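In mature numbering (1 follows the signal peptide of the UniProt record, and there is no 0), the protein residues as written are -25 to -1, 1 to 550.
Below: the structure, in structure tokens.
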Amino acid sequence: MAIIIPLYRFSFTILLLCSISRIQCQSLNLMLSLQSSAPQLEHLKYYQFIQFSNKPLDNIQAGQSIHIQFDAFNATFKLSLKTDSKVFINEANVDKESETGLFGQFDRFRLVSGTLQDDDHSYAYGYVDEMSSYHGVFYTNQTVYYVEWIGLYANQWSDEQQYFIYRDIDIGSQKSVINTNDGNNQQTASSTSTSSINQNNQITSLLMNDTTCLAHIDIDRTFLQHYHNNFAYVISDVAILVQRVNHLYRRTDFDQDGKADGIGIAIKNLTFGLSDELIGINLNSTTISTTVTTTSNILSKINNPVEFFNRLTVAKNYSDSCLALYLTGQKFDKDVLGMANSGFKANEGICTGYYINQDHHVASSNVAVVSINDRNHVIPFATREIAIAHEIGHLFGSLHDTNGSSCSPNNHQGNYVMYEKLVDGSKRNNFHFSTCSRSEIKQNLILKIDQLRPCLTQAYYPLCGNGIIDEGEECDCGYQSTCKDPCCNSAYQYLTDIPSLSQVGYNYIPCRKNSQATCGNAVVPIEAIGISVTFGLPIILVIVLLIYKQVKHKFYMPIYGEAGTGGEISMLQNL
């Protein structure tokens, strides 16, 4: 039964109908019973339960194609997927693995990405379990859909009501306004000197293609409890979250040269904190195993967000990772949902290590904390991924998009990721960085380039719009604003640029040859260096120059080349 109206309205309608018509209401009472058994979710206005009728998938191999089909919102969705575990680096592991303590099954090859059949503009990220049930995110026809496990929101559920789906427009409630309390609102990036920045420098060139930030992800027991201690589901859910955040960062043009910079994150370590044990995950195996170390669990008893953050960063050394993401189900005072170091400072943010904080303690300086607990209610997946992207944005050097600025439009498209109030994911701008954030992150990365080079690493991530012809692409000239190749369809930079199924131009496929242009074989891709060379006039010019060289026997051609621990802490707070 699809839930398409609020439950209290449904109940009132049924009772009113029975009282007026005096008909036998046994069947209606049965409908009411089924409807009322579904939990009311605090941050969602509408959702529907879905069922999967696909054949079980016992074993999945790397690169395997998977097809998932289900019905929802009066439509049939057909997902065409392939295994995609790029969010984990090959050696992703915890330092030490125990031989005992099996807690569940997790297969990294069940992480998938792909599109919807017959929709080249769509995308999908998710996880497919042994019963061919899918949970994750997909986009089609100008709408983002989310499929989640009901166990994260309810204590009891039936086999027919395990998974539910909602749309971006269904996110929100009467009181779900999420605010922040961040000293950075009054800060300016004074430590970032723009005078020393060459605006023509491309970040990817400066980083020499080392564009992946390896993350250590810590998951505490309060987070796990919200998932009913289902380790496999926690890992898959966290992996999908990181997939989404990684895609957001990869496709962003921070240096504003018209191409995606490809800067993103991948999971290096993943640990669970249970009581006085630290559970380590072997990501190269299909099973989950434990690593036991002694660690204090007093954090679960601390509700003050500043004290929590200070204790955490002093207790844990994350200097061997580019950044640390600590996920918790803790309910903080003042409804704070997130905290992070201020990456625009010289000694904080990504790729920084232990340092002496203002309390004269040695502490980690590359940490982001995100809680999924808002007033004892779990926030939806869309809001979780934006909260993570927001806090990591602080580690990369971004301040807030303050209210009233040009980077806070407050229009029907919504505000951006780094808005001073946490956006919930119901608007299209919510999944993009503003020009202010992009500029701040660009300046910070360039200023810290020397310490970033040995910290970041290379990782293959094909992406339409990065100016490199990747697998499956015919060409890649970057985004529409700067593409200069008339024979190549440029990439869409924003979701709002993509037409709907019924609009003119839907047959336009990015990173494909332009069928309307008379190009022939004029553009020859050179994939090794990621550029296209256009023959014609340049060839004639080269021939003329060579002839000139032979005649003169001499020829010369020049070659052109947030506030840290003990101080201010970026915090996400619910009003």
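Every residue, glycine too, gets a C-beta built ideally from N, C-alpha and C.
Predicted model only: the values in this text are computed from it and were never measured.
### Message
If the criterion is Cβ atoms closer than 8 Å, does the pair Asn405 and Val392 meet it?
### Response
Yes, these two residues count as a Cβ contact at 8 Å.
### Message
Using the three-state DSSP reduction, which class does Lys459 fall into: helix, strand or coil?
### Response
In the structure shown, Lys459 sits in coil (DSSP, three-state: anything other than H, G, I, E or B).
### Task
Consult DSSP for Val217 and reduce its assignment to one of helix, strand or coil.
Val217: helix per DSSP, three-state reduction.
#### Entry: Three-state class that DSSP yields for Lys306 in the structure shown
Looking at Lys306 - three-state DSSP - the assignment turns out to be coil, as it is neither helix nor strand.
### Task
Starting from Thr58, follow the beta strand (DSSP E) in both directions and report where the run begins and ends.
First-last of the beta strand (DSSP E) with Thr58: 50 to 58.
### Query
Closest by CA to Asp310, which one among Arg350, Ser340, Gly372?
When only C-alpha atoms are compared, the closest one is Arg350.
### Query
Going by DSSP, which residues form a beta bridge with Ile35?
Answer by DSSP bridge pairing: none, since Ile35 is not bridged.
#### Entry: Local conformation of Gln15 per DSSP, three classes
Three-state DSSP puts Gln15 in coil, outside helix and strand.
### Query
According to the Cβ coordinates, are Ser373 and Glu415 closer than 8 Å?
In contact: Ser373 and Glu415 (Cβ atoms closer than 8 Å).
### Query
Roughly how far, in whole angstroms, is the beta-carbon of Ala362 from the beta-carbon of Gly313, given that I think they are within contact range, below 8 Å?
With a beta-carbon spacing of about 5 Å, Ala362 and Gly313 fall inside the 8 Å limit used to define contacts.
### Message
On a Cα-Cα basis, can you pick out the residue from Tyr483, Asp295, Tyr120 that is closest to Leu19?
### Response
The residue with the shortest Cα to Cα distance from Leu19 is Tyr120.
### Chain-order list of residues whose beta-carbon lies under 6 Å from that of Ser401 (same chain, five-residue window excluded)
Asp143, Ile146, Gly147.
### Query
Between Ser170 and Ala338, what straight-line distance do the alpha-carbon atoms span, to the nearest angstrom?
No answer about Ser170 holds up, because its pLDDT of 27 lies below 50 and its placement is not dependable.
#### Entry: DSSP three-state assignment for Ala235, whether helix, strand or coil
DSSP places Ala235 in coil when its eight states are reduced to three.
### Query
Among Ala37, Ala466, Asn29, which has the Cα closest to the Cα of Met106?
The alpha carbon of Met106 has as its nearest neighbour, out of Ala37, Ala466, Asn29, the alpha carbon of Asn29.
### Task
Report yes if the CB atom of Cys382 is closer than 8 Å to the CB atom of Thr358, and no otherwise.
Cβ distance not < 8 Å, so Cys382 and Thr358 don't count as in contact.
### Task
Please go through the region 277 to 347 and give each complete alpha helix (DSSP H) segment of 4 or more residues, from N-terminal end onward.
Fully enclosed alpha helix (DSSP H) runs of 4 or longer: 280 to 290.
### Task
Classify Lys243 as buried or exposed, calling it buried when 16 or more other Cβ atoms lie within 10 Å of its own Cβ.
Answer is buried; the Cβ neighbour count reaches 16.
### Task
Kindly indicate which three-state DSSP category Gly126 falls into: helix, strand or coil?
DSSP places Gly126 in helix when its eight states are reduced to three.
### Message
Could you compute how far the alpha carbon of Leu199 sits from the alpha carbon of Val345?
### Response
Taking the straight line joining both Cα atoms gives about 14 Å.
### Query
Taking three-plus beta-carbon pairs below 8 Å as touching, is the region 111 to 120 in contact with the region 84 to 100?
The region 111 to 120, when compared against the region 84 to 100, does touch it at the 8 Å Cβ threshold.
#### Entry: Buried or exposed by the 16-neighbour rule on C-beta atoms within 10 Å, applied to Ser108
Using a 10 angstroms sphere on the CB of Ser108, the tally of other CB atoms reaches 16 or more, which defines it as buried.
#### Entry: C-alpha gap between Tyr301 and Val62, whole angstroms
One Cα belongs to Tyr301, the other to Val62, and the distance between them is close to 17 Å.
### Query
Going straight from the alpha carbon of Phe52 to that of Leu298, what length do you get?
About 37 Å.
### Message
Counting C-beta neighbours from all protein chains within 10 Å, is the total for Ser340 16 or more, i.e. buried, or is it exposed?
### Response
By the Cβ neighbour-count rule, Ser340 is buried, with 16 or more other Cβ atoms within 10 Å of its own.
### Supposed contact pair Glu395 and His375 - C-beta distance, whole angstroms, cut 8 Å
Contact flag correct, Cβ pair sits at about 4 Å.
### Query
What's the C-alpha gap between Asp228 and Ile35?
Cα-Cα distance, rounded: 35 Å.
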